[in-house]
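Written out below as structure tokens is the structure these notes cover.
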Amino acid sequence: MAAFRPDAVPITCRSCAAGRSLDALILIELARGVNCDESRLLSALAVRVDHRIGLVQLRSRLRELTNRGMVLLEGHRRTMLLRIAQFSITRAGRDSLAAHARALDLLAEEIHVALLTRR
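So the sequence shown is residues -8 to 110, counted in the working numbering.
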């Protein structure tokens, strides 16, 4: 199973104001079922991210996630200029998101307990 490695540059999510990597946001959107085409994924990410994501950047991240076994690409070629026909999250991608979510839940619980014991 591929390990979850966030991007080097964190991105702020508009819905929760937390710093998240673009890779994590892409996996979340794919897990939510936004896997029809690039333009729908870009528009879904535009709602969540506080700056513009370019098409070439999205294709680059999708290909990197594919290399790590987290996303399945169909009907694509190696050049960044050609459209990716279809993409979907793999089982490894779902497992990675689940592990990441569990780790965040544990961290939030530890913070909550620490705050309660400080009173």
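Think of the CB as a built atom: it goes at the ideal place given N, C-alpha and C, for glycine as much as any other residue. The model shown is predicted, which means the values in this text are computed figures rather than measured ones.
Exercise. Going by beta carbon distance, what residues of the same chain come within less than 8 Å of V25, once the five residues before and after it are set aside?
Worked result: Residue numbering aside, residue 25 sits at position 34 when the sequence shown is read from its first letter. Only R31, L32 and A35 meet the Cβ criterion.
Problem set entry | Paired residues, beta bridge with S79 - DSSP | Reading the sequence shown from its first residue, position 88 is the one you call residue 79. DSSP output for S79 lists L63 as bridge partner(s).
For this session: Take V38 as the anchor and find which of S79, L95, V104 and L13 has the nearest alpha-carbon.
Result: Your numbering for residue 38 matches position 47 in the sequence shown. Looking at the Cα atoms, L13 is the closest of the given residues.
For this session: Using three-state DSSP, classify V40 as helix, strand or coil.
Result: Translated into the one-based positions of the sequence shown, residue 40 becomes position 49. DSSP places V40 in strand when its eight states are reduced to three.
Problem set entry | For D28, the three-state DSSP class (helix, strand or coil) | Locating residue 28 in the sequence shown gives position 37, where the first residue counts as 1. D28 carries a coil assignment under DSSP once its states are collapsed to helix, strand and coil.
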